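S.K.: The numbers in the sequence shown follow our numbering, run straight up by one, and end at 534.
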Amino acid sequence: MHLTHKKKGFLEKWKLPTLLLIGIGVSGLGDFVYLIAINLLILDMTHSAAAVAGLWIIGPIVAILTNFWSGGFIDRGNKRNILILTDIVRAISVAIIPLLSSIWSIYMMLVIISLAKAFFTPASTTYITKLIPHHQRKKFNSINSLVRSGAFVVGPSIAGALFLLSSVDVAIYINAISFAVSAIVLFLMPDLDKDLQSQNAPKKGTWKTFILDWKEVIGQYQKQAYVFILYSLYIVTIIFTFAMDSQEVVFTQKVIGLSATQFSLLVSITGIGYLLGSMYISFLSNRISIKQLIGIGITLMSVGYIIFSLSHSFMSAVIGFSILGFFNAFSGTGFNTFYQNNIPIEIMGRVSSVLGVLQNAAQIIFLLFIGFLGDILSLRNVIVTISFLNFLTAVLINLFMFKPEKHIYFTETEEEKSL
């Protein structure tokens, strides 16, 4: 009787989070299929590497221009409705792409898709934080990491099968369907902002409101300096790893001397490593503290990048990729939970948007800088230097995190530990 009651309580507690994870999983799977398909479509249309590179620049530029002002709109608006609307916009925009014959018209659709994503990402972070209670967040984030890593591993395989059996257009349409399914799932989720008072946004979109929003975020930065310093250091590691990832193809083939097939295998191994790391955390999240997830994850992930940067063979690269893939899941889950637990929900959209502006701007600048250095210096020296800077940042994160007086920022309840 007691076990039956406990099981019912567990099912009731995880019914909505599970539904949300299904929506995230379907959308994530479609994203990876689309990522490969759109690259192939542009390459087939233009036969230009520069045109393909343009795909990777559109997203960050649109995010910078949008996140400057979107945070206040998200915080004052209905988060579920924003998520549903942006999924519908993305579904329609993606479905239109195969019908277009001009590269510029496709780029315009990609701008609209990126604009919708710039709203979706911070809105989803806030919605998840409001929906998932404090004691369930670490477990939810670990399962979410598992879902995303599963999409990362399975998505390219599905894309490959679709290309063999049908065409790139079919793969793109499937991505459009995945966004539509995600919108339907979100429609079934509770409206957590249905009692939102219209007076919460009396001057939504005005210049005065925009200035006040930025002042409020800066004030929050000053009030919670420790949280933002630690999270900013994490963003620095993301920028370093993003820069190294952008040079992976060139580095593995021109410096290490691997074939395109071996590189594809390395990417798959990284995905499998991430999947295994996510599985490990999802099963044992109650035994691993947030501090351990962050400390172990960020340190060993940076070690994986160092091994990769010093590699001279396929086997050593495999070891590096396996380590960084496995422990990437740790750091991501740890920092997501830390962020959700320490940023006030009322201004989370604005904080996420401002951080998004800074991160995307830094990524673009650093990416161009690394590309320039790679042309005038030895690419190996550049990648090795970045990997060691990444490791030093990880050490700094650990030093900041394990200060005894800061333990309150990582507090976990007994209920959280028993999940």
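Positions of the beta carbon are idealized from the N, C-alpha and C atoms, including for glycine.
Everything numeric in this text was worked out from a predicted model, so none of it was measured.
1) Can D190 and G412 be called in contact, C-beta distance under 7 Å?
2) Taking buried to mean at least 16 other C-beta atoms within 10 Å of its own C-beta, is Q335 buried or exposed?
3) Within 10 angstroms of its Cβ, does P459 collect 16 or more other Cβ (buried), or is it exposed?
4) Could you have a look at K128 and say whether DSSP puts it in helix, strand or coil?
5) Considering only C-alpha positions, which residue in the set E527, G265 and E461 is nearest to D308?
6) Leaving out the 5 sequence neighbours to the left and right, which residues in its chain are closer than 6 Å to F525 when beta-carbon positions are compared?
7) Please work out which residues of its chain come closer than 7 Å, Cβ to Cβ, to R263, disregarding the five sequence neighbours upstream and downstream, and give them in chain order.
8) Quick one: what's got a C-beta closer than 7 Å to I212's C-beta in the same chain, skipping five residues either side?
9) Report the CB separation of I197 from A238 in whole angstroms; it is logged as a contact under 8 Å.
10) For N496, count the other beta carbons within 10 Å of its own beta carbon; 16 or more makes it buried, fewer makes it exposed. Which is it?
11) G334 by DSSP, collapsed to three states: which one?
12) Specify, as a first and last residue, the run of the alpha helix (DSSP H) that S297 falls within.
13) Have a look at T508, L504, T376 and S437 and flag the residue whose alpha-carbon is nearest the alpha-carbon of I409.
14) Thinking just about the alpha-carbon of each residue, which of G192, L280, L473 and T448 is nearest to the one in L390?
15) Mind checking whether G386 and S437 have CB atoms under 7 Å apart?
16) Can you tell me which of T133, K130, I157 and M516 puts its alpha carbon nearest to the alpha carbon of L345?
17) In this structure, how does DSSP classify E520 when only helix, strand and coil are distinguished?
18) Following the continuous alpha helix (DSSP H) through S468, name the residue where it begins and the one where it ends.
19) Assuming Q407 is part of the alpha helix (DSSP H), what are its boundary residues?
20) Can you tell me whether F423 is buried or exposed? The criterion is at least 16 other CB atoms within 10 Å of its CB, across all chains shown.
21) Grouping DSSP H, G and I as helix and E and B as strand, with all else coil, what is K232?
22) Which of the three DSSP states is assigned to I458 in this structure?
23) Helix, strand or coil, according to DSSP, for T240 in the structure here?
24) For the alpha helix (DSSP H) containing N196, name the first residue and the last one.
25) Are the Cβ atoms of Q377 and R252 separated by less than 7 Å?
26) Out of curiosity, what's the CA-to-CA distance linking K254 and S400?
27) Assess, as a yes-or-no matter, whether the region 192-206 is touched by the region 292-299 under the definition of 3 or more beta carbon pairs within less than 8 Å.
28) In angstroms with no decimal places, state the Cα-to-Cα distance between I258 and L494.
29) Looking at C-alpha atoms only, which residue of V365, F366, T133 and I512 is the closest neighbour of V351?
30) Please classify L277 as buried or exposed, where buried requires at least 16 neighbouring CB atoms within 10 angstroms.
31) With DSSP as the reference, label E527 as helix, strand or coil.
32) Using alpha carbons as the reference points, say which of S431, A340 and K521 lies closest to I384.
33) Determine the burial state of P175: buried for a count of at least 16 other Cβ atoms within 10 Å of its Cβ, exposed for fewer.
34) Have a look at H427 and L373 and give me their C-alpha separation to the nearest angstrom.
35) Flag this pair as yes or no: are the beta carbons of S208 and I227 separated by less than 7 Å?
36) Give me, in chain order, the residues of the same chain whose beta-carbon lies closer than 7 Å to that of M160; leave out the 5 immediate sequence neighbours on both sides.
M.R.: So, from the data block:
1) Counting from one through the sequence shown, the residue named residue 190 turns up at place 75. Counting from one through the sequence shown, the residue named residue 412 turns up at place 297. Cβ atoms of D190 and G412: not closer than 7 Å.
2) The count along the sequence shown starts at 1 and reaches residue 335 at position 220. With 16 or more Cβ atoms within 10 Å of its Cβ, Q335 is classed as buried.
3) As a first step, residue 459 is located in the sequence shown; it is residue number 344 there, counting from the start. Counting Cβ neighbours within 10 Å, P459 comes out exposed, since fewer than 16 surround it.
4) Translated into the one-based positions of the sequence shown, residue 128 becomes position 13. K128 falls in the helix class under three-state DSSP.
5) Residue numbering aside, residue 308 sits at position 193 when the sequence shown is read from its first letter. The shortest C-alpha separation from D308 is found at E461.
6) As a working mapping, residue 525 is identified with position 410 in the sequence shown. Excluding sequence neighbours, F525 sits near I405 and K406.
7) Numbered from 1 along the sequence shown, position 148 holds the residue referred to as residue 263. Closer than 7 Å at the Cβ level, and outside the excluded window around R263, lie G143.
8) Here residue 212 refers to the residue found at position 97 of the sequence shown. Answer for I212: I221, M224 and I287, listed in chain order.
9) Residue numbering aside, residue 197 sits at position 82 when the sequence shown is read from its first letter. Residue numbering aside, residue 238 sits at position 123 when the sequence shown is read from its first letter. That belief holds up - the Cβ atoms of I197 and A238 are roughly 5 Å apart, short of 8 Å.
10) The count along the sequence shown starts at 1 and reaches residue 496 at position 381. The residue is exposed, with fewer than 16 neighbouring Cβ atoms inside 10 Å.
11) Position 219 of the sequence shown, counted from the start, is the residue given in the question as residue 334. In the structure shown, G334 sits in a helix (DSSP, three-state: H, G or I).
12) Residue mapping note: residue 297 aligns to position 182 of the sequence shown, counting from 1. Residues V283 to L303.
13) Within the sequence shown, numbered from 1, the residue matching residue 409 stands at position 294. It is T508 whose Cα lies nearest to the Cα of I409.
14) In the sequence shown, counting from the first residue as 1, residue 390 sits at position 275. For L390, the nearest C-alpha among the options comes from T448.
15) Stepping through the sequence shown from its first residue, residue 386 is reached at position 271. Stepping through the sequence shown from its first residue, residue 437 is reached at position 322. Not closer than 7 Å, so no.
16) Working through the sequence shown from its first residue, we reach residue 345 at position 230. Of T133, K130, I157 and M516, the residue nearest in Cα terms is M516.
17) Position 405 of the sequence shown, counting from 1, holds the residue named residue 520. DSSP places E520 in helix when its eight states are reduced to three.
18) Translated into the one-based positions of the sequence shown, residue 468 becomes position 353. Here the alpha helix (DSSP H) through S468 covers M463 to I491.
19) Translated into the one-based positions of the sequence shown, residue 407 becomes position 292. Start and end: I405 to S424.
20) In the sequence shown, residue 423 corresponds to position 308, counting from 1. Burial call: buried.
21) Taking the sequence shown and counting its residues from 1, one reaches residue 232 at position 117. Of the three classes helix, strand and coil, the one that applies to K232 here is helix, per DSSP.
22) Translated into the one-based positions of the sequence shown, residue 458 becomes position 343. In the structure shown, I458 sits in coil (DSSP, three-state: anything other than H, G, I, E or B).
23) Position 125 of the sequence shown holds residue 240. Correct three-state label for T240: helix.
24) Indexing the sequence shown from 1 puts residue 196 at position 81. Per DSSP, N196 belongs to the alpha helix (DSSP H) from K194 to I211.
25) Here residue 377 corresponds to residue number 262 of the sequence shown, with the count starting at 1. Here residue 252 corresponds to residue number 137 of the sequence shown, with the count starting at 1. No.
26) As a first step, residue 254 must be located in the sequence shown, where it is residue number 139. As a first step, residue 400 must be located in the sequence shown, where it is residue number 285. Distance between the alpha carbons of K254 and S400 is about 6 Å.
27) yes
28) Within the sequence shown, the letter at position 143 stands for residue 258. Within the sequence shown, the letter at position 379 stands for residue 494. Between I258 and L494, the C-alpha separation is close to 37 Å.
29) Within the sequence shown, the letter at position 236 stands for residue 351. For the residues V365, F366, T133 and I512, the minimum Cα distance to V351 belongs to I512.
30) Taking the first residue of the sequence shown as position 1, residue 277 is located at position 162. L277 is buried by the Cβ-count criterion.
31) The sequence position of residue 527 within the sequence shown is 412, counting from 1. DSSP places E527 in coil when its eight states are reduced to three.
32) Taking the first residue of the sequence shown as position 1, residue 384 is located at position 269. Closest option to I384, Cα to Cα, is S431.
33) Taking the sequence shown and counting its residues from 1, the one referred to as residue 175 is at position 60. Buried: at least 16 other Cβ atoms inside 10 Å.
34) To locate residue 427, count along the sequence shown from 1; it is residue 312. To locate residue 373, count along the sequence shown from 1; it is residue 258. Approximately 10 Å between the Cα atoms of the pair.
35) For the purposes of this step, residue 208 is taken as the residue at position 93 of the sequence shown. For the purposes of this step, residue 227 is taken as the residue at position 112 of the sequence shown. Their beta carbons are under 7 Å apart, which means S208 touches I227 by this criterion.
36) Locating residue 160 in the sequence shown gives position 45, counting from the first residue. I218, listed in sequence order.
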